[in-house]
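Undergrad:
There are 2 protein chains.
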Amino acid sequence: MSTAEATNEAASSSSSDDPRERILSAAGEEFAERGFEATTVRHICLAAGVNVASVNYYFGDKQRLYHETVRQAHQQLVAQVPLSPWPVGTPARDRLRGFIGNVLERMLGFGRPRWQNRLMLREVLQPTEACRDLVDDYIRPQFNRLISILDELASGQLEQPQLRRVAMSIFGQMFVYRAADDVVGMLIPADERDALHTPVPLADHITHYALAALGLAIPLTTPESRA
Amino acid sequence: MSTAEATNEAASSSSSDDPRERILSAAGEEFAERGFEATTVRHICLAAGVNVASVNYYFGDKQRLYHETVRQAHQQLVAQVPLSPWPVGTPARDRLRGFIGNVLERMLGFGRPRWQNRLMLREVLQPTEACRDLVDDYIRPQFNRLISILDELASGQLEQPQLRRVAMSIFGQMFVYRAADDVVGMLIPADERDALHTPVPLADHITHYALAALGLAIPLTTPESRA
DNA sequence: AGGTGATTGAAACGCCTGTTTGAAATGCCT
DNA sequence: AGGCATTTCAAACAGGCGTTTCAATCACCT
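Just so you know, the sequences run in chain order G and F.
Sequential numbering of the first sequence, starting at 85, is according to the working numbering.
Sequential numbering of the second sequence, starting at 85, is according to the working numbering.
(1) So that I know if they touch, is there some Cβ in chain F lying closer than 9 Å to that of G:Y293?
(2) To be precise: take each residue of the stretch 144-159 of chain F, compare its Cβ to all Cβ atoms of chain G, and keep it if any distance is under 9 Å. Which residues remain?
(3) So the candidates are F:G195, F:A214, F:V134, F:L234; which of them puts its Cα closest to the Cα of G:L304?
(4) Note down, in chain order, each residue of its chain lying with its Cβ closer than 7 Å to the Cβ of F:L230, except the 5 sequence neighbours on either side.
(5) How far does the alpha helix (DSSP H) with G:V187 in it reach, from first residue to last?
(6) Between the Cα of F:Q226 and the Cα atoms of G:L271, G:E113, G:C215, which residue gives the shortest distance?
(7) Can you name, in chain order, every residue of its own chain whose Cβ lies under 6 Å from the Cβ of F:D221, other than the five neighbours on each side?
(8) Using only the alpha-carbon positions, how far apart do F:R262 and F:A238 sit?
(9) For chain G, check one thing: does any of its Cβ atoms lie closer than 9 Å to the Cβ of F:D178?
(10) Enumerate in chain order the residues of its own chain whose CB-to-CB distance from F:H292 is below 8 Å, with the five nearest sequence positions on each side excluded.
(11) Closer than 9 Å, CB to CB, is F:S239 near chain G or not?
(12) Check whether the Cβ atoms of G:I107 and G:V154 lie closer than 9 Å to each other.
(13) Assign F:G195 to buried or exposed, taking buried as 16 or more other Cβ atoms, counted over all protein chains shown, within 10 Å of its Cβ.
(14) In chain order, what residues of the same chain have a beta carbon less than 7 Å from the beta carbon of F:L188, not counting five sequence neighbours either side?
(15) Is the beta carbon of G:R202 sitting closer than 9 Å to the one on G:E117?
(16) Using a cut-off of 8 Å between C-beta atoms, extract the partners of G:V165 located in chain F.
(17) Listed in chain order, which residues of the stretch 248-276 of chain F have Cβ atoms closer than 9 Å to some Cβ of chain G?
(18) Report yes or no: is there a C-beta of chain F within less than 9 Å of the C-beta of G:A311?
(19) For F:P227, go through chain G and note every residue whose CB falls closer than 9 Å to its CB, in chain order.
(20) How about G:G299 and F:P307: do their beta carbons lie closer than 9 Å?
(21) Quick check on G:H281: does DSSP put it in helix, strand or coil?
(22) Do F:G269 and F:R206 have their C-beta atoms within less than 9 Å of each other?
(23) Leaving out the 5 sequence neighbours to the left and right, which residues in its chain are closer than 7 Å to F:A297 when beta-carbon positions are compared?
(24) Can you list the residues of chain F that G:A297 reaches, using a CB-CB cut of under 7 Å?
(25) Against chain G, which members of the stretch 98-127 of chain F pass a CB distance test of less than 9 Å?
(26) Give the residues from the stretch 200-226 of chain G that approach chain F closer than 9 Å (Cβ to any Cβ), ordered along the chain.
(27) Which term fits G:L167, buried or exposed, when burial requires 16 or more other beta carbons within 10 angstroms of its beta carbon?
(28) Taking Cβ-Cβ distances shorter than 9 Å, what residues in chain F pair up with G:L280?
(29) Mark G:Y141 as exposed unless 16 or more other C-beta atoms lie within 10 angstroms of its C-beta, in which case mark it buried.
(30) Using a 10 Å radius around the Cβ and a threshold of 16 neighbouring Cβ atoms, would you call F:Q244 buried or exposed?
(31) Alpha helix (DSSP H) containing F:E117: first to last residue?
(32) Alpha carbons only, please: which of F:A111, F:H281, F:V125, F:R248 is nearest the one belonging to G:L280?
(33) Going straight from the alpha carbon of G:Q200 to that of F:P175, what length do you get?
(34) I'd like to check one pair, F:V260 with G:I223: are the Cβ atoms closer than 9 Å?
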């Protein structure tokens, strides 16, 4: 009838326009929440408001849809990583605190689509083919970035293997809050969790813990009188 | 009607006798490897060498079989935890090193059925109803044990919330090697991984890292000449 | 031995899965 | 307008899933 002129070309930045993107978005949430096996194509299409045949039309099959979903999510995550907003001359310990706070914020924060994070976590915990790209483009750069900060902090006193160990220790301290958050919630009282185990105070703690271990901050305790 | 235990239940050590135990063992491996959703009852029964109807006869349905599998695995794991083999008067730092080495050995070691570990990890990462018991009987006691060691090390200088944070940091450093082992393998060169990221040297590192942070061991680096 | 309840077995039950079909609807070009 | 490729749709496909059936078998008791 009327409305003949549907000259598209109108942006399409949103997700409610292109069916392909609607499928990707819905699939992301479903895969992230339930995992690949437990997610059904029908459920995705229902959430996306498209026909069941669409996933086959646009992506071939469920497997390729999953790969494409992971790829898109990890690229969007990479695009959100701040490149290097540190003014030259920023002390290394400030950069360490900034790095840890930044990663924690992305891991635990409530910003942006939460499912992208969760999907990446799934890949880390149980890698598929899509994991290698994720490590190469996202995780390893962060890891090396942390190592270079630590290297500067240690003034070259630590060899690469030692730096990698310390870097992994720091990552582990952040990672456990993301991967085992349910159990953390069972071990830490609720009010204490809200007060101390959130990105900002947690970043302070992990940073201080690292600096103290490196001998660059006062230890958490002062030695008892030790004659 | 009822009665699945007319005869006794002796000879429960081996796995080739009682069909019920054969099912539990096979189910444990399958569930641990593939997860609940991706595991099929038919596959379990094939591996156990029993008829498909057996799982229904002995356990009711797949869900209850899963619960029973987790329950059994976690109880066997609890039974393997050394109770308190420390002679009185053992220095707290030795107990810390012993504790960390012990947990790492159980997490990463090759002893006993590996699937029990993996199944517990699944519960930690994505808890089901069975997770509460696991935390109450297995994880929280370990956590409190670590806290009491740290409390002694700190000579009462740290409040409970601070102790919990440090304890979580230590757990995180161990946990990441178990939960994200594939990615760790991508970040650390193979030879270095075999040399430094195995239970014994790892326990040394994490212990030293903690003691240094607490001011109870020499830091990893010595401060530069700082006029 | 005969009888009784516990266990096993092969086959089938719905149901839901991923995927395919072929026709209808839509958009786009000259 | 017509013609043509792209996109949508309801319906169906074969296959696998968890679960159930019920007859056959087994173990045990008097």
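By construction, the Cβ of each residue, glycine as well, lies at the ideal position given by its N, Cα and C atoms.
TA: Short version:
(1) Judged by the 9 Å Cβ criterion, G:Y293 is in contact with chain F.
(2) The stretch 144-159 of chain F vs chain G, Cβ under 9 Å: nothing.
(3) Minimum Cα distance to G:L304 is reached at F:L234.
(4) Excluding its 5 nearest sequence neighbours in each direction, F:L230 has C-beta neighbours in its own chain below 7 Å: F183, A251, I254, listed in chain order.
(5) Taken as a continuous stretch (DSSP letters only), the alpha helix (DSSP H) holding G:V187 covers 176-192.
(6) Closest in C-alpha terms to F:Q226, from the list G:L271, G:E113, G:C215, comes G:L271.
(7) In its chain, beyond the 5 residues on either side, V162 have a beta carbon closer than 6 Å to the beta carbon of F:D221.
(8) As the crow flies, the alpha-carbon of F:R262 is around 28 Å from that of F:A238.
(9) Proximity of F:D178 to chain G, defined by a Cβ-Cβ separation below 9 Å, is not satisfied.
(10) So the qualifying residues of the chain are A301, L304.
(11) Yes, contact with chain G.
(12) Using a Cβ distance threshold of 9 Å, G:I107 and G:V154 do not count as a contacting pair.
(13) With a threshold of 16 other beta carbon atoms within 10 Å, F:G195 falls short and is exposed.
(14) Here F:L188 has M258, P283, L286, A287 as same chain residues with Cβ atoms under 7 Å from its own Cβ, once five neighbours each way along the sequence are excluded.
(15) It is a contact, given that the beta carbons lie within the stated cut-off.
(16) At a beta-carbon threshold of 8 Å, none of the residues of chain F lie near G:V165; the nearest stands roughly 17 Å away.
(17) The stretch 248-276 of chain F vs chain G, Cβ under 9 Å: R248, R249, V250, A251, M252, S253, I254, F255, G256, Q257, M258, F259, V260, Y261, A263, A264, D266, V267, V268, M270, L271, I272, P273, E276.
(18) Low per-residue confidence applies at G:A311: pLDDT is 45, beneath 50, and the placement is therefore not dependable enough to give any value.
(19) It should be pointed out that residue 227 of chain F corresponds to Phe in this sequence rather than to Pro. Within 9 Å Cβ-Cβ: L271.
(20) Their beta carbons are under 9 Å apart, which means G:G299 touches F:P307 by this criterion.
(21) The answer is coil: DSSP assigns G:H281 none of H, G, I, E or B.
(22) No. Outside cutoff.
(23) Nothing meets the Cβ criterion.
(24) Those are Y293, A296, A297, P303, L304, listed as they occur along chain F.
(25) Those residues of the stretch 98-127 of chain F placed with their C-beta closer than 9 Å to a C-beta in chain G are R118, G119, F120, E121, A122, ordered along the chain.
(26) From the stretch 200-226 of chain G, only L205, E207, V208, L209, Q210, P211, C215, R216, L218, V219, D220, I223, R224 have a Cβ closer than 9 Å to chain F.
(27) That one is exposed.
(28) Within chain F, the residues P245, Q246, R248, R249 have their CB atoms less than 9 Å from the CB of G:L280, given in chain order.
(29) Flag for G:Y141 reads exposed.
(30) Flag for F:Q244 reads exposed.
(31) Start and end: 103-118.
(32) Considering only alpha carbons, the answer is F:R248.
(33) Across the structure, G:Q200 and F:P175 are spaced so that their CA atoms are roughly 46 Å apart.
(34) The answer is no: Cβ separation not under 9 Å.
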